[in-house]
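Peer 1:
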Amino acid sequence: MAHHTLKTLDYSVLQQCMHCGMCLPTCPTYDTTKRERNSPRGRISLMRAIADGELEVNDTFADEMSYCLGCLACQTACPAGVNYAELFETARADIERSGVKAAPGRGLWRTITLRFLFMRPDALRLAGTLMRVYQRSGLESLVRRLGLIRLAPAALRKLEPQAPRIAPAFSNRLIREHEMPGTNTRYRVAMLTGCIQDLVFPDVNRDTVDVLLANGCRVFTPPEQPCCGSLHAHNGETALAAKLARRMIDLFPPDEFDAIITNAGGCGSHLRHYSGLLDDDPHYADLAHAWDAKVKDIQEWLVEIGCRTPLAGPFAGPATITYHESCHLAHGQKITKQPRSLLRLLPDTTLVELPESTWCCGSAGVYAITQPEQADLLLKRKTDNIRSTPSTIVATANPGCQLQIARGLKNDGAAGIDVVHPMTLLAKAYRRERGPDAAPPT
Ligand code: SF4
Ligand code: SF4
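Whatever position you read off the sequence shown (first residue = 1), add 1 for the working numbering.
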């Protein structure tokens, strides 16, 4: 896919769609509007018109592709095997190249985020630290009280109230570079700490490492890691995504590990397709194939190696848990059974199915900022479904979903329901084996 446009993309990918419409009922935007244009089939027709030279990349096309969640529910439903993920990323890259959405504010915002912050892990952590100071020093409430946020650029204004709470210490302070299991080492793995996971949920990274250690894995976690590039690829910055892929491969040579572990559904879905980004790079093409084969979602890996059943439950008493599927885990990576089988290992808990568990929660990267109405609609549907179950715990394996659903439940006033990563539950259970008050082994 390296640097392809819709016009240069292998035409068979576009031709694969046989217009059967099986994907339509699974598409959240089509479900809302019932308009063909807002469906996967409609979007593929528009892309094909561009490839055929019948249509130019214009504002309407850009808006349509921005309305698409990229949730890939259509890809799961499609009997013809249409690679919607590839089409979607190529279309977004075409839109960026065409400049139809270029505007001074947007350009600056993209430069700050995609070209600077998410290219420099130290700068991203510094921005996170500054954000935390802003959130904790009373400055945030002052700015809100005085209405000063009105003076900020539009993108920042929309982002500010939704900005997640930044953690006091990031993964590099919680996890040592090399950690050894207490028992025999069965495997050697690398641990990817992610961007949002690192800034907002570094405890989930710690929990993941604890679970790996409890399962005989020796864990390598470099304190500073590049971004995986998924944000760049989803936003049409293919060259930057390729650059980040090379940096990742340099830091984690695939032949040194049994697995390269990610615990974020959104990252995993991108991470295991580096070969598509680097297939015309003579030095990295083979390495990228080896890399793709080694990338494992933590849940997939644990099931593959036979996860040890914890001897204690995660909580002092029994609990009912339900599971929300991250789109990029379920549709992007087809990982649906493994998280459930791990949750079923937890003593003293009951797993109940969430109605419409694979329906997108509306998080989808920056979607909640670019398409707030549709995002809120999806979020309400998700929290209504959650509240229809007797669960007090929602497990989900993607930081975007975790933040979005927690925000939705808070808005609904459903304070008694926690949203957690499955690794947090497993880690809690392993810790409780050593007694109810055992501290994390740091
Ligand atoms: S990715 Fe999701 S929103 Fe986009 S067309 Fe497919 S199902 Fe619809
Ligand atoms: S299900 Fe697949 S083949 Fe059928 S209309 Fe949708 S994308 Fe095309």
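Beta carbons are placed, not taken as given, at the ideal position from N, Cα and C, and that holds for glycine.
These numbers were taken from a predicted model, which means no experiment stands behind them.
What are the boundary residues of the alpha helix (DSSP H) that R174 is part of?
Peer 2: If you number the sequence shown from 1, residue 174 lands on position 173. Per DSSP, R174 belongs to the alpha helix (DSSP H) from S172 to L175.
Peer 1: Return helix, strand or coil for I51, following the three-state DSSP convention.
Peer 2: Start at 1 with the first residue of the sequence shown, and residue 51 comes out as number 50. I51: helix per DSSP, three-state reduction.
Peer 1: May I have the straight-line CA-CA distance separating A3 from A242, to the nearest angstrom?
Peer 2: Here residue 3 is taken as the residue at index 2 of the sequence shown, counted from 1. Here residue 242 is taken as the residue at index 241 of the sequence shown, counted from 1. The predicted model places A3 with a pLDDT of 47, which falls under 50 and marks its position as unreliable; any figure quoted below should be read in that light. Cα-Cα distance, rounded: 10 Å.
Peer 1: Just the C-alpha distance for C79 and Y135, rounded to the nearest angstrom, thanks.
Peer 2: As a first step, residue 79 is located in the sequence shown; it is residue number 78 there, counting from the start. As a first step, residue 135 is located in the sequence shown; it is residue number 134 there, counting from the start. Between C79 and Y135, the C-alpha separation is close to 46 Å.
Peer 1: Which residues in the same chain as K295 place their Cβ atom closer than 7 Å to its Cβ, once the five residues preceding and following it in sequence are excluded?
Peer 2: On the sequence shown, residue 295 is found 294 positions in, with the first residue counted as 1. Correct list, in chain order: P255, F258, A260 and I261.
Peer 1: How is the beta strand (DSSP E) around C218 delimited, first residue to last?
Peer 2: Along the sequence shown, one-based indexing puts residue 218 at 217. Where C218 is concerned, the enclosing beta strand (DSSP E) stretches over C218 to F221.
Peer 1: Please return the same chain residues whose Cβ sits closer than 6 Å to the Cβ of I167, not counting the five positions on each side in sequence.
Peer 2: For the purposes of this step, residue 167 is taken as the residue at position 166 of the sequence shown. Result list for I167: G129, M132, R133 and L200, in chain order.
Peer 1: Looking at A63 and ligand 1, is the gap between the Cβ and the nearest heavy atom below 7 Å?
Peer 2: Counting from one through the sequence shown, the residue named residue 63 turns up at place 62. Result no, Cβ not under 7 Å from ligand 1.
Peer 1: Taking 7 Å as the cut-off, is the CB of G43 close to at least one heavy atom of ligand 2?
Peer 2: On the sequence shown, position 42 is the one that residue 43 refers to. It does not: the Cβ of G43 is nowhere closer than 7 Å to a heavy atom of ligand 2.
Peer 1: Taking the Cβ atom as the reference point for each residue, do L15 and A92 lie within a distance shorter than 8 Å?
Peer 2: Residue mapping note: residue 15 aligns to position 14 of the sequence shown, counting from 1. Residue mapping note: residue 92 aligns to position 91 of the sequence shown, counting from 1. Cβ distance not < 8 Å, so L15 and A92 don't count as in contact.
Peer 1: With a cut-off of 8 Å on the beta carbons, I'd call L344 and I322 a contact; round off their distance for me.
Peer 2: The residue labelled residue 344 in the question sits at position 343 within the sequence shown. The residue labelled residue 322 in the question sits at position 321 within the sequence shown. Going by Cβ atoms, the distance from L344 to I322 rounds to 6 Å, so yes, they are a contact pair.
Peer 1: If you follow the alpha helix (DSSP H) that A289 is part of, which residue opens it and which one closes it?
Peer 2: Against the sequence shown, residue 289 aligns to sequence position 288. Residues A286 to K295.
Peer 1: Please report the straight-line C-alpha distance between P400 and C24, rounded to a whole angstrom.
Peer 2: If you number the sequence shown from 1, residue 400 lands on position 399. If you number the sequence shown from 1, residue 24 lands on position 23. Whole-angstrom Cα-Cα distance: 27 Å.
Peer 1: Would DSSP call M66 helix, strand or coil?
Peer 2: For the purposes of this step, residue 66 is taken as residue 65 along the sequence shown, with counting starting at 1. Looking at M66 - three-state DSSP - the assignment turns out to be helix.
Peer 1: Identify whether H179 lies in helix, strand or coil by the three-state DSSP scheme.
Peer 2: Here residue 179 corresponds to residue number 178 of the sequence shown, with the count starting at 1. Reduced to three states, the DSSP call for H179 is strand.
Peer 1: Apart from the five residues on each side of it in sequence, which residues of its chain come closer than 7 Å, Cβ to Cβ, to A313?
Peer 2: Translated into positions along the sequence shown, residue 313 becomes position 312. Contacts found: P348, A430, R433 and E434.
Peer 1: Just how far apart, CA to CA, sit Q403 and P373?
Peer 2: Here residue 403 corresponds to residue number 402 of the sequence shown, with the count starting at 1. Here residue 373 corresponds to residue number 372 of the sequence shown, with the count starting at 1. Rounded to whole angstroms, Q403 to P373 spans 17 Å at the Cα level.
Peer 1: Go through its chain and collect everything with a Cβ distance to A234's Cβ below 7 Å, but skip five positions before and after it.
Peer 2: Here residue 234 is taken as the residue at index 233 of the sequence shown, counted from 1. Closer than 7 Å at Cβ, skipping near neighbours: E90, A242 and H271.
Peer 1: Using alpha carbons as the reference points, say which of C196, G100 and L213 lies closest to P114.
Peer 2: Sequence index remark: in the sequence shown, residue 114 carries index 113 (1-based). The sequence shown places Thr at residue 114, not Pro. The option with the nearest alpha carbon to T114 is C196.
Peer 1: Is A92 helix, strand or coil by DSSP?
Peer 2: Position 91 of the sequence shown holds residue 92. Note: A92 maps to helix in three-state DSSP.
Peer 1: For a test of the three-state rule: what should DSSP assign to R408, helix, strand or coil?
Peer 2: Indexing the sequence shown from 1 puts residue 408 at position 407. Helix, per DSSP.
Peer 1: I think P356 touches S327, with their Cβ atoms under 8 Å apart; what is that distance to the nearest whole Å?
Peer 2: Here residue 356 corresponds to residue number 355 of the sequence shown, with the count starting at 1. Here residue 327 corresponds to residue number 326 of the sequence shown, with the count starting at 1. Actually they do not touch by this definition, with Cβ atoms about 17 Å apart.
Peer 1: For T263, which residues of its own chain have a beta-carbon under 8 Å away from its beta-carbon, when the five flanking residues on both sides are left out?
Peer 2: Taking the sequence shown and counting its residues from 1, the one referred to as residue 263 is at position 262. The residues are L193, G195, C229, G269, L272, V296, K297, D298 and I299.
Peer 1: Assign I394 to one of three DSSP states: helix, strand, or coil.
Peer 2: Along the sequence shown, one-based indexing puts residue 394 at 393. Strand, per DSSP.
Peer 1: DSSP on Y261, reduced to helix/strand/coil?
Peer 2: Within the sequence shown, residue 261 is the residue found at index 260, counting from 1. A small correction: the amino acid at residue 261 is Ile; Tyr does not occupy that position in the sequence shown. Correct three-state label for I261: strand.
Peer 1: For the stretch 331-367, which segments carrying the alpha helix (DSSP H) assignment without a break, of at least 4 residues, lie completely within its bounds, in sequence order?
Peer 2: Runs of the alpha helix (DSSP H) inside the stretch 331-367: 338-345.
Peer 1: Note down, in chain order, each residue of its chain lying with its Cβ closer than 7 Å to the Cβ of R38, except the 5 sequence neighbours on either side.
Peer 2: The sequence position of residue 38 within the sequence shown is 37, counting from 1. Excluding residues within five positions, the ones whose Cβ falls inside 7 Å are E65.
Peer 1: Whose C-beta lies closer than 6 Å to the C-beta of T443 among residues of the same chain, with five residues either side of it excluded?
Peer 2: Numbered from its first residue, the sequence shown carries residue 443 at position 442. With a pLDDT of 45 at T443, under the threshold of 50, the predicted position of this residue should be treated as unreliable, though the coordinate-derived value follows. Taken in chain order, the list of residues that qualify is empty.
Peer 1: Determine whether the beta carbon atoms of M424 and V190 lie at a separation below 8 Å.
Peer 2: For the purposes of this step, residue 424 is taken as residue 423 along the sequence shown, with counting starting at 1. For the purposes of this step, residue 190 is taken as residue 189 along the sequence shown, with counting starting at 1. No, Cβ-Cβ distance for M424 and V190 is not below 8 Å.
Peer 1: Could you check if H284 is buried or exposed, using at least 16 other CB atoms within 10 Å of its CB as the buried criterion?
Peer 2: Walking along the sequence shown from the start, residue 284 turns up at place 283. So H284 ends up on the exposed side.
Peer 1: What's the C-alpha gap between V101 and D53?
Peer 2: Here residue 101 refers to the residue found at position 100 when the sequence shown is read from its first residue. Here residue 53 refers to the residue found at position 52 when the sequence shown is read from its first residue. When rounded, the distance between both Cα atoms is 19 Å.
Peer 1: Tell me, which residues are paired with A430 by DSSP?
Peer 2: Numbered from 1 along the sequence shown, position 429 holds the residue referred to as residue 430. Per DSSP, none; premise fails for A430.
Peer 1: May I ask you to check if the CB of M23 is nearer than 7 Å to at least one heavy atom of ligand 2?
Peer 2: Here residue 23 refers to the residue found at position 22 of the sequence shown. M23: yes, Cβ under 7 Å from ligand 2.
Peer 1: What residue range is occupied by the uninterrupted alpha helix (DSSP H) comprising D211?
Peer 2: Taking the first residue of the sequence shown as 1, we reach residue 211 at position 210. Run containing D211: P203 to A215, per the alpha helix (DSSP H) assignment.
Peer 1: With DSSP run on the structure shown, which of helix, strand or coil describes A416?
Peer 2: Against the sequence shown, residue 416 aligns to sequence position 415. Here A416 sits in coil by DSSP.
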